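This report refers to the structure that appears directly beneath it.
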Amino acid sequence: MALIEAALTAIESLEPGEKFTYQEIAAAHGVNQSTLSRRHKQSHVLHKAKSINQQKLNPQQELELVEYIKMLTKRGLPPTREMVRNFASCVAKEPVGEGWVTRFINRIKDYLTSQWITGMDTVRHHADLEAKYNLYFDLLNQKIKEFNIEPRHTYNMDEKGFLVGITGRSKRVFSKQMWEKKEVRASLQDGSCEWITLVACVGADGEPLPPSLIYQAALGNIQSTWVEDIKAGKHQV
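Each step along the sequence shown adds one to the number in UniProt numbering, with nothing skipped, and position 131 is 131.
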């Protein structure tokens with residue numbers, strides 16, 4: 001038995017990818033070649049099964065996690081390593097370590113990669129600080145007190161644009177060359193739609209102002225159905 005164990009140890013001590021034959025190892029340790037081959041293959045299967053059992057996620061769960069990461073990437077939201085670890089912990093119903101993320105990526109390196117990137121909108125990110133918010137409201141309150149501005153004279157406004165008219169998807173025939181070069185990737189509208197801007201406003205005392213609609217009237221094609229709910233004498237036009 002000790003001779004077989006020594007032969008198995010000799011095989012396991014070989015470098016990954018290093019070639020060997022059971023005949024040579026068996027002869028060197030004085031054991032039967034068939035017995036050595038059978039024992040080594042059995043130990044390899046057991047080692048692989050043990051490795052799978054020790055994984056936090058089973059192969060199917062890992063595959064689903066890969067697909068989820070691919071979906072997030074397609075939407076422009078590639079997750080951080082911390083997010084991947086949280087996803088795995090949620091699926092496994094137990095915490096996984098940072099090292100698990102590295103091993104996971106290495107196992108499926110044909111599908112995922114971990115890269116350093118530069119975030120977008122860094123100026124906005126740097127401005128999104130509690131201290132700067134506090135500074136803004138401190139200055140605002142200072143001016144309100146300085147000029148004795150009453151709440152009924154303080155307003156907050158917001159706008160929202162939306163497209164009205166005939167829109168929708170349709171199948172078109174393009175020049176393949178222009179399409180592949182991305183020279184044309186859309187069709188022109190036929191002029192039967194317009195952009196409208198809604199402006200909403202409310203006072204600091206809670207009193208709202210009537211909402212306003214801003215039409216693009218340069219073409220003179222505002223349709224009566226768009227304004228049929230506006231009543232003369234009730235709404236300002």
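Cβ atoms here follow ideal geometry from the backbone N, Cα and C, with glycine treated the same way. On a predicted model such as this, the values are computed, not experimentally measured, just so you know.
Go to Y22, then tell me how far its beta strand (DSSP E) extends in each direction, as first and last residue.
-> Here residue 22 refers to the residue found at position 22 when the sequence shown is read from its first residue. Looking at the DSSP string, Y22 is not in any beta strand (DSSP E); the run it does join, the alpha helix (DSSP H), is 22-29.
C-beta contact flag for A92 and L65 at 8 Å | Position 92 of the sequence shown, counting from 1, holds the residue named residue 92. Position 65 of the sequence shown, counting from 1, holds the residue named residue 65. Result no, Cβ atoms of A92 and L65 do not sit closer than 8 Å.
List the whole-angstrom C-beta distance separating Y136 from G203, where the pair is believed to meet the contact cut-off of C-beta under 8 Å.
-> Taking the first residue of the sequence shown as 1, we reach residue 136 at position 136. Taking the first residue of the sequence shown as 1, we reach residue 203 at position 203. Going by Cβ atoms, the distance from Y136 to G203 rounds to 20 Å, so no, they are not a contact pair.
Report, in whole angstroms, the separation of the C-beta atoms of S114 and I105, which I expect to be a contact under 8 Å.
-> For the purposes of this step, residue 114 is taken as the residue at position 114 of the sequence shown. For the purposes of this step, residue 105 is taken as the residue at position 105 of the sequence shown. Rounded, the Cβ-Cβ distance is 5 Å, consistent with contact.
Between R81, L3, E130, E18, which lies nearest to H29 when the distance is taken from Cα to Cα?
-> Stepping through the sequence shown from its first residue, residue 29 is reached at position 29. The shortest C-alpha separation from H29 is found at L3.
With DSSP as the reference, label L77 as helix, strand or coil.
-> As a working note, residue 77 is residue 77 in the sequence shown. Coil, per DSSP.
Burial state of L36, where buried means 16 or more other Cβ atoms lie within 10 Å | Counting from one through the sequence shown, the residue named residue 36 turns up at place 36. Answer is buried; the Cβ neighbour count reaches 16.
For I214, the first and last residue of its enclosing beta strand (DSSP E) | Residue 214 sits at position 214 when you count from the first residue of the sequence shown. That run of the beta strand (DSSP E) goes 208-215.
Span separating the alpha-carbon of P151 from that of K143 | Here residue 151 corresponds to residue number 151 of the sequence shown, with the count starting at 1. Here residue 143 corresponds to residue number 143 of the sequence shown, with the count starting at 1. Those two C-alpha atoms are separated by around 13 Å.
Between L8 and the rest of its own chain, which residues show a CB-CB distance below 8 Å, the 5 nearest in sequence each way excluded?
-> Translated into positions along the sequence shown, residue 8 becomes position 8. If we look at L8 and ignore the five residues flanking it on each side, its Cβ neighbours are L36, R39, H40, S43.
Using a Cβ-Cβ cut-off of 7 Å (strictly less than) and excluding sequence neighbours within five positions of I25, which residues of its own chain qualify?
-> Within the sequence shown, residue 25 is the residue found at index 25, counting from 1. The residues are A7, A10, I11, L36.
Skipping 5 residues on each side, what residues in its chain have a beta carbon closer than 6 Å to that of E5?
-> Locating residue 5 in the sequence shown gives position 5, where the first residue counts as 1. None.
Can you name, in chain order, every residue of its own chain whose Cβ lies under 6 Å from the Cβ of C201, other than the five neighbours on each side?
-> In the sequence shown, residue 201 corresponds to position 201, counting from 1. Closer than 6 Å at the Cβ level, and outside the excluded window around C201, lie Y155, M157, L209.
Determine the contact status of R85 and E98, defining contact as a CB-CB distance below 8 Å.
-> Here residue 85 refers to the residue found at position 85 of the sequence shown. Here residue 98 refers to the residue found at position 98 of the sequence shown. It is a contact, given that the beta carbons lie within the stated cut-off.
Could you say which of K160, H153, L213 lies nearest to E207 if we only look at CA atoms?
-> The residue labelled residue 207 in the question sits at position 207 within the sequence shown. Comparing Cα positions, the closest option is H153.
Neighbour flag for E24 against chain B, beta carbons, 8 Å | Absence of chain B from the displayed structure is noted, only one protein chain being present.
Express the C-alpha separation of S13 and F20 in angstroms, rounding to a whole number.
-> Counting from one through the sequence shown, the residue named residue 20 turns up at place 20. Counting from one through the sequence shown, the residue named residue 13 turns up at place 13. Those two C-alpha atoms are separated by around 11 Å.
Pick from Y111, V96, L140 that is closest to T73, judged by C-alpha positions | Start at 1 with the first residue of the sequence shown, and residue 73 comes out as number 73. Taking only the C-alpha atoms, the option nearest T73 is Y111.
Under the three-state reduction of DSSP, which class applies to residue 279: helix, strand or coil?
-> Not covered by the structure: residue 279. The range shown for the chain is 1 to 237.
Beta-carbon proximity check, H199 vs E159, cutoff 8 Å = Within the sequence shown, residue 199 is the residue found at index 199, counting from 1. Within the sequence shown, residue 159 is the residue found at index 159, counting from 1. Sequence check: residue 199 is Val here, not His. Cβ distance < 8 Å, so V199 and E159 count as in contact.
How long is the line joining the alpha carbons of W116 and P78, rounded to whole angstroms?
-> Position 116 of the sequence shown, counted from the first residue, corresponds to residue 116. Position 78 of the sequence shown, counted from the first residue, corresponds to residue 78. C-alpha separation (whole angstroms): 11 Å.
Limits of the unbroken alpha helix (DSSP H) element including F137 = In the sequence shown, residue 137 corresponds to position 137, counting from 1. Element bounds for F137: 130-146.
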